[in-house]
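Reviewing the structure listed below.
Protein chains in written order, with this note's numbering: chain A, 2 to 127; chain B, 311 to 517.
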């Protein structure tokens with residue numbers, strides 16, 4: 002199966018790999034997995050006092066599509082409000098990266114990861 | 311759970327005589343039968359269980375495949391050729407699904423009415439499992455010396471074995487919910503072991 006150029010670009014030059022301090026009150030952490038591949042994805046956001054996502058980091062152990070999906074999402078959410086970030090759909094990710102049908106679950110994983118990170122942030126900030 | 315499924319009787323397509331759904335051949339006229347819709351355990355003639363005797367499984371499989379060898383159907387009708395091929399394909403699927411512990415666990419749980427889907431798009435948020443796996447994958451990614459990598463690979467392999475024992479115990483105790491969680495855990499452990507093996511091979515290749 003051939004990966005699209007965008008997937009390869011994100012895979013070879015992943016954006017925003019790393020970690021934020023999970024104990025920081027401004028940081029929300031999402032941790033999700035896709036049993037189909039045995040993938041695990043951690044996505045973190047740092048939210049400003051105005052409710053804007055000012056930083057995002059990820060760490061993903063999985064295939065090229067899973068890494069590209071999480072890399073793309075961290076790029077997309079920066080500068081967005083929580084509601085805007087929560088409205089990202091897996092279909093947008095799959096479309097942008099031209100993911101083949103067998104890799105759609107990688108985009109689902111990224112969508113669920115950002116939702117989980119937002120939920121974690123909201124829970125922490127009460 | 312260990313009793314073989316009751317034989318179901320259908321009519322032979324050729325002589326209309328009674329034939330068991332799991333039978334390869336009609337006992338009346340000897341015509342090869344189509345694969346029919348039966349579970350993998352019944353197809354291979356073994357009792358449904360996670361703790362399979364893999365030698366017995368392999369004997370059953372090769373025994374059946376031998377009787378379906380294309381050479382035996384060279385002079386038969388095209389219908390019989392097609393049916394024997396369909397049987398061979400179904401036996402293959404059954405054997406592939408049962409010989410691998412992970413696939414077997416998922417198949418058996420589905421068979422017992424507790425579906426575990428390892429192929430769907432679904433995601434999980436089992437925090438404990440994911441955090442543990444994240445840490446182990448990180449440790450493996452950061453390991454540089456061949457000794458370190460070999461140690462992690464060995465640990466991963468023994469965790470796979472331990473998890474299989476836990477699945478066996480859970481299924482035998484009819485704790486299917488737990489067996490389902492353990493099956494997903496096994497998927498992750500198998501992935502970790504696979505990555506560790508691959509990294510070990512690469513490390514050994516270095517001068």
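Every residue, glycine too, gets a C-beta built ideally from N, C-alpha and C.
- No Cβ-Cβ contact shorter than 8 Å links residue 445 of chain B with residue 503 of chain B.
- Each of B:455, B:411, B:489 was checked against the Cα of residue 426 of chain B, and the nearest Cα belongs to B:489.
- The beta carbon of residue 37 of chain A sits closer than 8 Å to some beta carbon of chain B.
- Here the alpha carbons of residue 35 of chain A and residue 495 of chain B stand approximately 11 Å from one another.
- Beta-bridge partners of residue 45 of chain A (DSSP): A:30, A:58.
- Proximity of residue 43 of chain A to chain B, defined by a Cβ-Cβ separation below 8 Å, is satisfied.
- Close CB contacts of residue 125 of chain A within its chain, under the 6 Å cut and outside five residues either way in sequence, are with 26 (chain order).
- Note on geometry: alpha-carbon atoms of residue 447 of chain B and residue 92 of chain A lie some 28 Å from one another.
- Contact between the segment 317-330 of chain B and the segment 48-61 of chain A is absent: fewer than 3 CB-CB pairs across the two stretches fall below 8 Å.
- Cβ contact annotation for residue 21 of chain A (same chain, cutoff 6 Å, sequence separation greater than five): 28, 45, 47, 58, in chain order.
- Residue 34 of chain A belongs to the set of residues whose beta carbon lies under 8 Å from a beta carbon in chain B.
- Of all residues in the segment 441-457 of chain B, those with a C-beta nearer than 7 Å to a C-beta of chain A are 441, 443, 444, 447, reading in chain order.
- Closest in C-alpha terms to residue 386 of chain B, from the list B:342, B:424, B:420, comes B:342.
- In the displayed model, residue 352 of chain B falls within a helix according to three-state DSSP.
- Restricting attention to B:461, B:433, B:353, the CA atom closest to the CA of residue 109 of chain A is found in B:433.
- Within the same chain, Cβ atoms closer than 6 Å to the Cβ of residue 378 of chain B are found at 394, 397, 398, the five residues on either side in sequence being excluded.
- Flagged as an interface residue toward chain B: residue 117 of chain A, by a C-beta distance shorter than 8 Å.
- Around residue 500 of chain B, the beta-carbon contacts reaching into chain A at under 9 Å are 39.
- A direct Cα-Cα distance of roughly 24 Å separates residue 477 of chain B from residue 402 of chain B.
- Between residue 415 of chain B and residue 335 of chain B the beta-carbon gap is near 32 Å, outside 8 Å, which marks them as no contact.
- For residue 456 of chain B, the enclosing alpha helix (DSSP H) has its first and last residue at 456-482.
- When the beta-carbon positions are compared, residue 16 of chain A and residue 75 of chain A come within less than 8 Å of each other.
- Under the DSSP definition of a beta bridge, residue 328 of chain B partners with B:321.
- It is roughly 28 Å from the alpha-carbon of residue 422 of chain B to the alpha-carbon of residue 33 of chain A.
- Approximately 6 Å separates the beta-carbon atoms of residue 89 of chain A and residue 77 of chain A; this is inside 8 Å, confirming the contact.
- For residue 109 of chain A, the uninterrupted alpha helix (DSSP H) run begins and ends at 105-126, by DSSP.
- Rounded to the nearest angstrom, the gap between the Cα atoms of residue 461 of chain B and residue 323 of chain B is 58 Å.
- For residue 18 of chain A, the pairing in a beta bridge is given by DSSP as A:59.
- Here residue 471 of chain B is exposed, its C-beta having fewer than 16 other C-beta atoms within 10 Å.
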